[in-house]
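Visitor: Below you'll find the structure I mean.
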Ligand code: ADP
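Residue numbers (our numbering): 734 to 1361.
What follows is the structure, encoded as structure tokens:
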């Protein structure tokens, strides 16, 4: 039994191929995690890194509390089951299952006890004296499972174990592996390209594409709230229908207009997380609706379609249609024009019928047409608040508050602007008050819908805030973007500052031993790196590391001004940024600009700054990758 933690794991193969990028997950003890995605997305590579069969380029991997990056596979207490079974053909089933234990010099009576117990669980007791070649695919896969089982591992890794089986056997084995997981109470990690396996077996699923994690969630959350169009299309069969549409807010409704001019209405309340800028009827967005969330009506409000095919599966029927009432030229690739509808108990629809496809307005999905990310994220990325400048004040949300110096300077006399405000930068305070219409759980956070005219302002609130309250808040000005005339004139202060520099080492003799010390060099600042970080950089880039440039990233809060006598980076103060509630100084050092937090009365012209190496994250500049 064990938990696992993967932290910023990357895999770059020797030929330079980046197979896995920034993979992070905390896996609790006894979870059944499924990695799913199309062939080549990096599932097996990740699994093999967990097993120790593949080196980790960068990142940390823990099993329980132990860092296992450099631990031999045999010491990881992990068992792996492969698609190919990997059984020894000349050995009997018993010998195959006993092999690993014999290698570990386990006494024969204990081996027998374990093999018999596993054979009983897997219902292969009658085959123990057979050789694998005299067994069916399903039986062989059980032996492969049995060989993993007898080792009593902390973690089971299964790589497409059912791919070689026929559909019926696959379905049966799915149930058996799920039951096995329940009875063993062990952590399972299972790789498959089959979304049905993923949905039916996983407690949580990691959806991957081209080496990147797309979403990590429970099966139902993936189905109901896919993060992007890829996940939406990958999970569910037949796959979700997608159409280009335009959205227009109309009082309590949003009108969804399709390319052919047909339109449907959805209640604004259902889609209120969609940012207002998509609701003016002039931006194309991608509309998604699952086949099972569309009904077929003989007439009414919906998309007029002509039925092109009807698949009767007995319990349900898949109806294929084309938008419009004419059968045009046939093409296979016609996303945005074709629709699949899954209905139950309908035998009155025939090819050639002209009918109406009516999407369930409560089950609609919308995605940005370019980024393909959902427009209804659990926590909307930002709110837009219109504001007006008047002297030293700004008016917004019905109040007049201090116009920060930095905003004023950026506005350069313009008086009308918009603030782009992330929900996390709306904090308890006394500047504004709005009524809390609703509170929703979003992962481990609480998202409040604050009533702002006929739409909502989204904020993250604490446990003390309840629906119906007046929420009193202020804005963290430094976390806001300012937009005027459609142009971003001021960017929020980033949490992290990045400085580029070099990496060096020295070798010293300590008690007769040669010991290496590693250093980050930024301009005239030399900071000793923690030994494990130094060795990590060296192991990723080899001796080339001493010739390369790295990006050193430090949280703003961890950069401090030091005494002239102390070691540090000497920097010129270029500008003071007064956000009214907080001040920053823009510094220049070694040809690079960055911000530090300062006290309001700060008036130095030159400073030395420093930070602790334990607070530094190191990024490669040649390949976009966090090293440590
Ligand atoms: P999946 O299991 O999702 O099908 P893999 O993890 O096997 O994908 O592979 C991910 C990517 O890495 C693929 O593009 C594959 O071609 C590439 N790859 C796998 N092994 C190697 C290797 N030894 N050297 C170079 N590239 C590799």
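For each residue, glycine too, the CB sits at the ideal point set by N, CA and C.
Span of the beta strand (DSSP E) holding residue 1092?
Guide: Run containing residue 1092: 1087 to 1092, per the beta strand (DSSP E) assignment.
Visitor: Could you tell me which of 1292, 1342, 1267, 1310 sits nearest to residue 1298, measuring between CA atoms?
Guide: The shortest Cα separation from residue 1298 among 1292, 1342, 1267, 1310 belongs to 1342.
Visitor: Quick one: is the Cβ of residue 894 within less than 8 Å of any heavy atom of the ligand ADP?
Guide: No.
Visitor: Just mark residue 821 as buried or exposed, buried being the case when its beta carbon has 16 or more other beta carbons within 10 Å.
Guide: When all chains shown are included, residue 821 counts as exposed.
Visitor: By Cβ distance, which residues of its chain are closer than 8 Å to residue 872, with the 5 residues on each side in sequence left out?
Guide: These residues qualify, in order along the chain: 857, 860.
Visitor: What residue from 1091, 1168, 1216 has the CA that sits closest to residue 1117's CA?
Guide: Looking at the Cα atoms, 1216 is the closest of the given residues.
Visitor: With a threshold of 7 Å on Cβ separation, who are the neighbours of residue 778 within its own chain once the five nearest residues in sequence on each side are excluded?
Guide: Closer than 7 Å at Cβ, skipping near neighbours: 744, 752, 753, 787.
Visitor: As a quick exercise: from 1143, 1012, 1121, 1185, pick the residue whose alpha carbon is nearest that of residue 1150.
Guide: Of 1143, 1012, 1121, 1185, the residue nearest in Cα terms is 1121.
Visitor: Can you tell me whether DSSP reads residue 802 as helix, strand or coil?
Guide: Of the three classes helix, strand and coil, the one that applies to residue 802 here is coil, per DSSP.
Visitor: Which residue marks the beginning of the alpha helix (DSSP H) containing residue 911, and which one marks its end?
Guide: Counting along the chain, the alpha helix (DSSP H) containing residue 911 begins and ends at 900 to 917.
Visitor: Keeping to the same chain, check which residues put their C-beta closer than 6 Å to that of residue 1165; ignore five residues upstream and five downstream.
Guide: Counting only Cβ-Cβ distances below 6 Å, and skipping sequence neighbours, we find 1130, 1132, 1206.
Visitor: Out of 835, 993, 838, state which residue places its alpha-carbon closest to the alpha-carbon of residue 1059.
Guide: The candidate whose alpha carbon is nearest that of residue 1059 is 993.
Visitor: May I ask you to check if the CB of residue 746 is nearer than 8 Å to at least one heavy atom of the ligand ADP?
Guide: True, at least one ligand heavy atom lies under 8 Å from that Cβ.
Visitor: Which word fits residue 746, buried or exposed, when buried means at least 16 other C-beta atoms lie within 10 angstroms of its C-beta?
Guide: Residue 746 should be labelled exposed.
Visitor: Just tell me which of 869, 758, 999 has its CA closest to the CA of residue 938.
Guide: Nearest C-alpha to residue 938: 758.
Visitor: Could you compute how far the alpha carbon of residue 1192 sits from the alpha carbon of residue 1203?
Guide: Taking the straight line joining both Cα atoms gives about 13 Å.
Visitor: In whole angstroms, what is the alpha-carbon distance linking residue 1234 and residue 1053?
Guide: Cα-Cα distance, rounded: 59 Å.
Visitor: Would residue 883 and residue 831 be called neighbours here (beta carbons separated by less than 9 Å)?
Guide: Result yes, Cβ atoms of residue 883 and residue 831 sit closer than 9 Å.
Visitor: Mind checking whether the beta-carbon of residue 941 lies closer than 8 Å to any heavy atom of the ligand ADP?
Guide: Under cutoff, so the answer is yes.
Visitor: Quick check: the region 781 to 800 against the region 882 to 898, are at least 3 beta-carbon pairs closer than 8 Å?
Guide: Counting Cβ pairs under 8 Å, three or more are found: they touch.
Visitor: Whole-angstrom Cβ separation of residue 1112 and residue 1175, contact assumed at under 8 Å?
Guide: Going by Cβ atoms, the distance from residue 1112 to residue 1175 rounds to 5 Å, so yes, they are a contact pair.
Visitor: Kindly indicate which three-state DSSP category residue 1312 falls into: helix, strand or coil?
Guide: Reduced to three states, the DSSP call for residue 1312 is coil.
Visitor: Would DSSP call residue 1335 helix, strand or coil?
Guide: It is coil, neither helix nor strand.
Visitor: Since residue 1128 is in the beta strand (DSSP E), which residue starts that stretch and which ends it?
Guide: Note, residue 1128: beta strand (DSSP E), 1126 to 1129.
Visitor: So, at 8 Å on beta carbons, what are the nonlocal neighbours of residue 1031 in its own chain, with the 5 sequence-adjacent residues on each side left out?
Guide: These residues qualify, in order along the chain: 1088, 1089.
Visitor: Between the alpha carbons of residue 1241 and residue 1293, how many angstroms are there, rounded?
Guide: Computed Cα separation, rounded: 30 Å.
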